[in-house]
Amino acid sequence: MNKENNEPVGSRREILAGMGLAALGLIGLNSAWQKLGFTEAKPALNPNIRKYKPADSATPFPNVTLYTHEGEAVKFYDDLIRDKVVAINMMYSQCSGICPKSTANLREVRNMLGERAGRDVFMYSITLDPKRDTPELLKQYAERYGIRDGWKFLTGAPEDIELVRYRLGFYDVEEDVDNIKENHTGMVRIGNDERKRWSMAPALSDPWQIMATINHLDPKVVHTAEVHT
């Protein structure tokens, strides 16, 4: 008998021995399964991560041509990102899940920005379905949600959209998960290109919290946004 905790020493030894036998049993079972040709299923790693990895980490964003919901051709980096404070999310017009709620929530952020939108801070929503979402359809989408100036909806060639998506970090390491468009609609990429500072926020966060992240990266703002509860 163990005098300190009144636990029988023999009982403790039996437990430890049992644990050891159980571990050996699991190892043996795993070995047997491998001999029979069974292996543990592992998620397929996404090959596009390597494909779209930037050759030069100092210039991670591509300068592909995209098209706004107003029909304007723009260069992604030169016209939309370079030296700007930006808030970027992914969406598509036929998305019936999180996209409508995200767009409505980000509209509140746009309204809070006021005159800063399109002057100090630039908002972009990039379609995940460029084959369907033409500039005309995106314009209808923007009008449906009452989107004001300072916020552009963007489409382009499918390969260019994929490149932009990966460079912005809207991807999953598991290929099957990455192939589901709606999995990339829940976050907002917020950054200051001039200062090379980037962050992310959930698209359905309280608009004041998203504003606080934007303000933290905007050099023209001395204090971050007031926290509302």
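The sequence shown finishes on residue 226 if you use the numbering used here, and the numbering steps up by one all the way, no holes.
Glycine included, C-beta positions come from ideal geometry on N, C-alpha and C.
Is residue i helix, strand or coil by DSSP?
i    : result
V218 : coil
R186 : strand
A200 : coil
Q31  : Caution is warranted here: a pLDDT of 49 is assigned to Q31, below 50, making its placement in the model unreliable, and no coordinate value can be reported.
R164 : helix
N212 : helix
I207 : helix
L103 : helix
Going by alpha carbons, who is nearest to residue i out of the options?
i    : options                   : result
T210 : R192, K193, G188 and L201 : G188
I95  : I78, E156, Q137 and L201  : L201
R113 : V61, A84 and C92          : A84
P216 : P204, I207 and E191       : E191
D80  : W195, E159 and D203       : W195
R145 : S122, G166 and V161       : S122
Please state whether the Cβ-Cβ distance between residue i and residue j is less than 8 Å.
i    : j    : result
D117 : T124 : no
D157 : L63  : yes
S90  : Y163 : no
L103 : M120 : yes
T100 : Y142 : yes
N60  : K72  : yes
Any C-beta of chain C sitting closer than 8 Å to the C-beta of residue i?
i    : result
D146 : Looking for chain C here will not work: only one protein chain is present.
Does the segment 179 to 186 come close enough to the segment 145 to 152 that 3 or more CB-CB pairs lie under 8 Å?
no
Inter-stretch contact at 8 Å, needing at least 3 Cβ pairs: the segment 57 to 67 / the segment 99 to 109
no
Start-end ranges of the beta strand (DSSP E) lying completely within the segment 62 to 86, minimum 3 residues
62 to 65 and 70 to 72
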